[in-house]
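Asks: If you're matching them up, the sequences are chains G and A in order. The first sequence runs 24 to 311 under the working numbering. The second sequence runs 24 to 311 under the working numbering.
2 protein chains.
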Amino acid sequence: MKAARIAIIGLGLIGGSLGLALKNALGSKVKITGVDRCSSSLAEAKQRGAVDIISADDHALANQDIVFVCTPVLQIGLVMQQILPYLTAGTIITDVGSTKLFLLEQLRDIMPAGLSYIGGHPMAGREKSGITAADKNLFVNKWYILSQGIHTNPEQYQVLSELLQATGAKVIAMNAAEHDCGAAYMSHIPHVVAAGLVNLLHNRSSQENLLRLMGGGFKDTTRIASSDADMWSDICLTNSTAMINGLKEYQNILEEVVGAIERADRARLYTFFSSAKEKRDNMLEQEA
Amino acid sequence: MKAARIAIIGLGLIGGSLGLALKNALGSKVKITGVDRCSSSLAEAKQRGAVDIISADDHALANQDIVFVCTPVLQIGLVMQQILPYLTAGTIITDVGSTKLFLLEQLRDIMPAGLSYIGGHPMAGREKSGITAADKNLFVNKWYILSQGIHTNPEQYQVLSELLQATGAKVIAMNAAEHDCGAAYMSHIPHVVAAGLVNLLHNRSSQENLLRLMGGGFKDTTRIASSDADMWSDICLTNSTAMINGLKEYQNILEEVVGAIERADRARLYTFFSSAKEKRDNMLEQEA
Numbered sequence: 024m025k026a027a028r029i030a031i032i033g034l035g036l037i038g039g040s041l042g043l044a045l046k047n048a049l050g051s052k053v054k055i056t057g058v059d060r061c062s063s064s065l066a067e068a069k070q071r072g073a074v075d076i077i078s079a080d081d082h083a084l085a086n087q088d089i090v091f092v093c094t095p096v097l098q099i100g101l102v103m104q105q106i107l108p109y110l111t112a113g114t115i116i117t118d119v120g121s122t123k124l125f126l127l128e129q130l131r132d133i134m135p136a137g138l139s140y141i142g143g144h145p146m147a148g149r150e151k152s153g154i155t156a157a158d159k160n161l162f163v164n165k166w167y168i169l170s171q172g173i174h175t176n177p178e179q180y181q182v183l184s185e186l187l188q189a190t191g192a193k194v195i196a197m198n199a200a201e202h203d204c205g206a207a208y209m210s211h212i213p214h215v216v217a218a219g220l221v222n223l224l225h226n227r228s229s230q231e232n233l234l235r236l237m238g239g240g241f242k243d244t245t246r247i248a249s250s251d252a253d254m255w256s257d258i259c260l261t262n263s264t265a266m267i268n269g270l271k272e273y274q275n276i277l278e279e280v281v282g283a284i285e286r287a288d289r290a291r292l293y294t295f296f297s298s299a300k301e302k303r304d305n306m307l308e309q310e311a
Numbered sequence: 024m025k026a027a028r029i030a031i032i033g034l035g036l037i038g039g040s041l042g043l044a045l046k047n048a049l050g051s052k053v054k055i056t057g058v059d060r061c062s063s064s065l066a067e068a069k070q071r072g073a074v075d076i077i078s079a080d081d082h083a084l085a086n087q088d089i090v091f092v093c094t095p096v097l098q099i100g101l102v103m104q105q106i107l108p109y110l111t112a113g114t115i116i117t118d119v120g121s122t123k124l125f126l127l128e129q130l131r132d133i134m135p136a137g138l139s140y141i142g143g144h145p146m147a148g149r150e151k152s153g154i155t156a157a158d159k160n161l162f163v164n165k166w167y168i169l170s171q172g173i174h175t176n177p178e179q180y181q182v183l184s185e186l187l188q189a190t191g192a193k194v195i196a197m198n199a200a201e202h203d204c205g206a207a208y209m210s211h212i213p214h215v216v217a218a219g220l221v222n223l224l225h226n227r228s229s230q231e232n233l234l235r236l237m238g239g240g241f242k243d244t245t246r247i248a249s250s251d252a253d254m255w256s257d258i259c260l261t262n263s264t265a266m267i268n269g270l271k272e273y274q275n276i277l278e279e280v281v282g283a284i285e286r287a288d289r290a291r292l293y294t295f296f297s298s299a300k301e302k303r304d305n306m307l308e309q310e311a
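Written as structure tokens, this is what we have:
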């Protein structure tokens with residue numbers, strides 16, 4: 024059997040981990056070409072065994088079965104546009120961006136008939152980034168969402184899905200719009216909310232006393248406020264509709280709480296806190 | 024030396040832990056009377072050695088050096104009002120409520136001249152509650168805030184502070200208004216924010232897909248939404264001014280983010296995320 028030819032563009036945490044996971048599971052059944060603008064990332068990816076071949080040249084993207092674009096989300100569209108001329112008919116192109124509709128719309132007009140695009144989003148990450156943080160087990164038991172694409176057929180979806188399952192990921196299909204809306208509620212809005220809580224502390228008089236009042240609750244609630252600012256700015260910009268709608272709805276919820284406190288409406292406050300507790304406890308139970 | 028006479032009213036997590044910590048550190052140097060409406064909590068407190076004597080009768084509160092009121096925050100004022108007639112001149116009364124100004128205002132008019140009140144708030148807690156969750160090490164290395172009181176002198180503050188230091192707590196003085204404002208920002212508003220994030224998910228179409236998009240970020244950001252709904256309703260009601268002001272300020276911050284997304288103002292979004300990251304990372308560093 025001929026080895027599947029795979030290219031990974033962008034050898035950061037996700038791209039590097041994908042290479043490590045695929046080589047670890049499939050060995051010589053896959054031949055992976057790594058492409059990155061950064062020569063030291065390329066060298067380390069090769070040295071760690073995440074890729075078989077390295078290249079800084081888009082000509083290396085010819086005759087691939089699958090091309091993964093693993094760059095920051097706002098660059099994916101530009102990268103796709105740049106590499107399309109080098110790709111060969113029959114190649115499946117996919118990405119790992121945190122938002123899906125934005126890219127789908129960018130690609131709809133430029134994707135040539137012979138090429139197929141399938142959107143992807145692994146629900147996996149770490150607080151560290153870069154090839155040095157890459158881990159062959161990053162995807163084990165994590166959901167990996169594939170969303171609808173352009174010029175795809177069920178066989179191509181199947182090929183990509185089976186390859187990804189080799190990493191240990193649980194691959195599922197989800198509509199791009201539903202993905203983006205759900206991700207806004209489960210991830211993107213929580214990041215804004217957490218960063219907002221930290222920014223609320225700016226210019227408070229006694230920072231020393233604030234530190235003394237800091238407990239585990241504050242630390243956990245704001246943990247994701249320590250995430251990468253570039254990445255989250257781009258996510259906001261590429262999922263703007265879902266985020267704006269969700270944040271406005273969230274504002275209404277907070278507005279209601281303010282009203283209940285102003286009216287000393289204990290029943291309303293109790294319902295607010297108890298319904299959240301019940302829902303969250305249920306979610307964790309269902310997940311377990 | 025005569026043993027210090029201490030009474031603890033309310034033998035839940037905090038009252039029970041206080042008894043365990045004091046008996047553990049001071050042994051027969053303290054004689055602790057436990058008072059609770061619940062006879063099984065009383066029995067367990069005695070059996071676990073958190074108290075020396077148990078009583079369901081307020082007459083047991085005569086001739087105490089220090090009386091700790093460890094009931095839920097909204098009940099503290101009522102309990103104080105009820106026990107004042109039984110207390111003996113010279114007794115120091117303190118509490119462990121999460122908010123301080125509300126109680127201070129309730130007590131100002133009713134505290135007899137011979138009695139002293141000093142507000143207290145240990146920055147310690149667990150997700151479990153009740154005497155069964157009590158732990159002699161609950162206060163070790165935790166801040167324990169004492170706020171200004173009524174009819175107190177420096178010697179009385181010193182007596183209470185030294186006693187509390189025996190639990191391993193780091194005792195500090197903080198103005199009640201500053202405490203309440205800081206606690207709103209560091210704890211009370213984060214609880215509202217977390218519960219609001221969970222409530223935002225109500226009535227979403229596919230709960231199954233939401234679960235698939237749930238990552239560690241969502242779980243951490245909303246962890247405190249699983250807290251006790253009664254306690255947090257009461258905290259909102261007893262710290263209303265600081266919470267209303269803080270939540271309105273927070274609404275303005277979110278409003279600005281919505282505006283930046285609408286305008287696709289990447290520079291503004293980047294500043295929002297990066298300033299939060301920088302501030303949070305600094306806080307954790309200063310604390311360490």
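Glycine residues also receive a C-beta, built at the ideal position from the N, C-alpha and C atoms.
1) My parser needs the beta strand (DSSP E) runs of 3 or more residues fully inside the stretch 82 to 118 of chain A; what are they?
2) Is there a C-beta anywhere in chain A that falls below 8 angstroms from the one on residue 244 of chain G?
3) Output the boundary residues of the alpha helix (DSSP H) element that contains residue 48 of chain A.
4) Can you pull the chain A neighbours of residue 95 of chain G, defined as C-beta to C-beta under 7 angstroms?
5) Listed from N- to C-terminal order along the chain, which residues in the stretch 293 to 307 of chain G have their beta-carbon within a distance smaller than 7 angstroms of any beta-carbon of chain A?
6) Counting contacts by CB-CB distance shorter than 8 angstroms, is residue 271 of chain A in contact with chain G?
7) If you compare alpha carbons, which of A/162, A/171, A/284 and A/105 is closest to residue 125 of chain A?
8) Using the C-alpha atoms, what's the distance from residue 287 of chain A back to residue 260 of chain G?
9) Report yes or no: is there a C-beta of chain G within less than 8 angstroms of the C-beta of residue 259 of chain A?
10) Name the chain G residues whose beta carbon is nearer than 7 angstroms to that of residue 127 of chain A?
11) Any idea if residue 123 of chain A is buried or exposed, counting beta-carbon neighbours within 10 angstroms, 16 or more meaning buried?
12) Under 7 angstroms: does the beta carbon of residue 42 of chain A sit that close to some heavy atom of the ligand HEM?
13) Just the chain A side, please: which residues come within less than 8 angstroms of residue 276 of chain G by C-beta, in chain order?
14) Could you name the residues of chain G that residue 213 of chain A contacts, counting a contact when the two beta carbons are closer than 8 angstroms?
15) What does the alpha-carbon distance come out to for the pair residue 285 of chain G and residue 131 of chain A?
16) In terms of DSSP beta bridges, what is residue 53 of chain A paired with?
17) If residue 210 of chain G sits next to residue 238 of chain A, beta carbons under 8 angstroms apart, how far is it from one beta carbon to the other, in whole angstroms?
18) Would you tell me roughly how many angstroms separate the C-alpha atoms of residue 164 of chain G and residue 145 of chain G, rounded to the nearest one?
19) Would residue 142 of chain A count as contacting chain G if we go by Cβ distances under 8 angstroms?
20) How is residue 159 of chain A classed by DSSP in three states: helix, strand or coil?
21) Once you ignore the five residues that flank residue 247 of chain G on each side, which residues in its own chain have a CB closer than 6 angstroms to its CB?
22) Take the Cβ of residue 137 of chain G as the centre, count every other Cβ of all protein chains shown within 10 Å, and call the residue buried at 16 or more, exposed below.
23) Tell me, please, whether the CB atom of residue 40 of chain A is closer than 8 angstroms to any CB atom in chain G?
24) Could you check whether the Cβ of residue 156 of chain G sits closer than 8 angstroms to any Cβ belonging to chain A?
25) Name, in chain order, the residues that DSSP records as bridge partners for residue 312 of chain A.
26) Hey, is the stretch 70 to 87 of chain G in contact with the stretch 97 to 115 of chain G, meaning 3+ C-beta pairs nearer than 8 angstroms?
27) Counting C-beta neighbours from all protein chains within 10 Å, is the total for residue 149 of chain A 16 or more, i.e. buried, or is it exposed?
28) Relative to the C-alpha of residue 78 of chain A, which candidate in A/176, A/58, A/90 and A/133 has its C-alpha closest?
29) Report yes if the C-beta distance between residue 41 of chain G and residue 190 of chain G is below 8 angstroms; otherwise report no.
30) Counting only C-beta atoms, is residue 205 of chain A closer than 8 angstroms to chain G at any point?
31) By the 10 Å Cβ neighbour count, where 16 or more other Cβ atoms means buried, how is residue 181 of chain G classified, buried or exposed?
32) Can you find a C-beta in chain G that's less than 8 angstroms from the C-beta of residue 121 of chain A?
33) Buried or exposed for residue 196 of chain G, going by 16 or more other Cβ atoms inside 10 Å?
34) May I have a chain-ordered list of the beta strand (DSSP E) segments no shorter than 3 residues that lie completely inside the stretch 156 to 231 of chain G?
35) If the cut is a Cβ gap below 9 angstroms, which residues of chain A does residue 208 of chain G touch?
36) Mapping the DSSP letters down to three states, classify residue 32 of chain A as helix, strand or coil.
Replies: Short version:
1) 89 to 92 and 115 to 118
2) The residue you call residue 244 of chain G lines up with position 221 of the first sequence. It does: the Cβ of residue 244 of chain G has a partner Cβ on chain A nearer than 8 angstroms.
3) The residue labelled residue 48 of chain A in the question sits at position 25 within the second sequence. Run containing residue 48 of chain A: 36 to 49, per the alpha helix (DSSP H) assignment.
4) If you number the first sequence from 1, residue 95 of chain G lands on position 72. In chain order: nothing, as chain A lies at least about 12 angstroms away.
5) 293, 295, 296, 297, 298, 299, 300, 302, 303, 304 and 306
6) Taking the first residue of the second sequence as position 1, residue 271 of chain A is located at position 248. At least one chain G Cβ lies under 8 angstroms of residue 271 of chain A.
7) For this step, residue 125 of chain A is matched to residue 102 along the second sequence. Answer by Cα proximity: A/171.
8) Taking the first sequence and counting its residues from 1, the one referred to as residue 260 of chain G is at position 237. Taking the second sequence and counting its residues from 1, the one referred to as residue 287 of chain A is at position 264. Roughly 6 angstroms separates the two Cα atoms.
9) Along the second sequence, one-based indexing puts residue 259 of chain A at 236. Closer than 8 angstroms: yes.
10) Reading the second sequence from its first residue, position 104 is the one you call residue 127 of chain A. By Cβ distance, chain G contributes nothing, its closest Cβ being about 17 angstroms from residue 127 of chain A, past 7 angstroms.
11) Reading the second sequence from its first residue, position 100 is the one you call residue 123 of chain A. So residue 123 of chain A ends up on the buried side.
12) The ligand HEM is not part of the structure shown, which contains no ligands of any sort.
13) If you number the first sequence from 1, residue 276 of chain G lands on position 253. Result: 219, 222 and 223.
14) Your numbering for residue 213 of chain A matches position 190 in the second sequence. Near residue 213 of chain A (Cβ distances below 8 angstroms), the residues of chain G are 220, 240, 241, 244 and 245.
15) Along the first sequence, one-based indexing puts residue 285 of chain G at 262. Along the second sequence, one-based indexing puts residue 131 of chain A at 108. Spanning the two alpha carbons is a distance of roughly 23 angstroms.
16) Counting from 1 along the second sequence, the entry for residue 53 of chain A is found at position 30. Paired residue(s): A/27.
17) Sequence index remark: in the first sequence, residue 210 of chain G carries index 187 (1-based). Sequence index remark: in the second sequence, residue 238 of chain A carries index 215 (1-based). Residue 210 of chain G to residue 238 of chain A, Cβ: 6 angstroms. Contact.
18) Locating residue 164 of chain G in the first sequence gives position 141, counting from the first residue. Locating residue 145 of chain G in the first sequence gives position 122, counting from the first residue. Residue 164 of chain G and residue 145 of chain G: Cα-Cα distance of roughly 11 angstroms.
19) For the purposes of this step, residue 142 of chain A is taken as residue 119 along the second sequence, with counting starting at 1. It does not; no Cβ of chain G falls within 8 angstroms.
20) Here the question's residue 159 of chain A lines up with position 136 in the second sequence. In the structure shown, residue 159 of chain A sits in coil (DSSP, three-state: anything other than H, G, I, E or B).
21) Start at 1 with the first residue of the first sequence, and residue 247 of chain G comes out as number 224. So the qualifying residues of the chain are 214 and 217.
22) If you number the first sequence from 1, residue 137 of chain G lands on position 114. The residue in question, residue 137 of chain G, is exposed, as its Cβ has fewer than 16 Cβ neighbours within 10 Å.
23) As a first step, residue 40 of chain A is located in the second sequence; it is residue number 17 there, counting from the start. No, its Cβ sits nowhere closer than 8 angstroms to a Cβ of chain G.
24) Indexing the first sequence from 1 puts residue 156 of chain G at position 133. Not one chain A Cβ lies under 8 angstroms of residue 156 of chain G.
25) Nothing in the structure corresponds to residue 312 of chain A, since chain A is present only between 24 and 311.
26) yes
27) Here residue 149 of chain A refers to the residue found at position 126 when the second sequence is read from its first residue. So residue 149 of chain A ends up on the exposed side.
28) As a first step, residue 78 of chain A is located in the second sequence; it is residue number 55 there, counting from the start. Cα-wise, what sits closest to residue 78 of chain A is A/58.
29) Looking up residue 41 of chain G in the first sequence gives position 18. Looking up residue 190 of chain G in the first sequence gives position 167. Going by C-beta atoms, residue 41 of chain G is nearer than 8 angstroms to residue 190 of chain G.
30) Indexing the second sequence from 1 puts residue 205 of chain A at position 182. At least one chain G Cβ lies under 8 angstroms of residue 205 of chain A.
31) In the first sequence, counting from the first residue as 1, residue 181 of chain G sits at position 158. Exposed is the call here.
32) Position 98 of the second sequence, counting from 1, holds the residue named residue 121 of chain A. Judged by the 8 angstroms Cβ criterion, residue 121 of chain A is not in contact with chain G.
33) Locating residue 196 of chain G in the first sequence gives position 173, counting from the first residue. By the neighbour-count rule (16 or more Cβ atoms within 10 Å), residue 196 of chain G is not buried but exposed.
34) 166 to 173 and 193 to 196
35) What you label residue 208 of chain G is simply residue 185 of the first sequence in a count that begins at 1. Under the 9 angstroms cutoff, chain A gives 220, 223, 224, 227, 233, 236 and 241.
36) For the purposes of this step, residue 32 of chain A is identified with residue 9 of the second sequence, where counting begins at 1. Three-state DSSP puts residue 32 of chain A in a strand.
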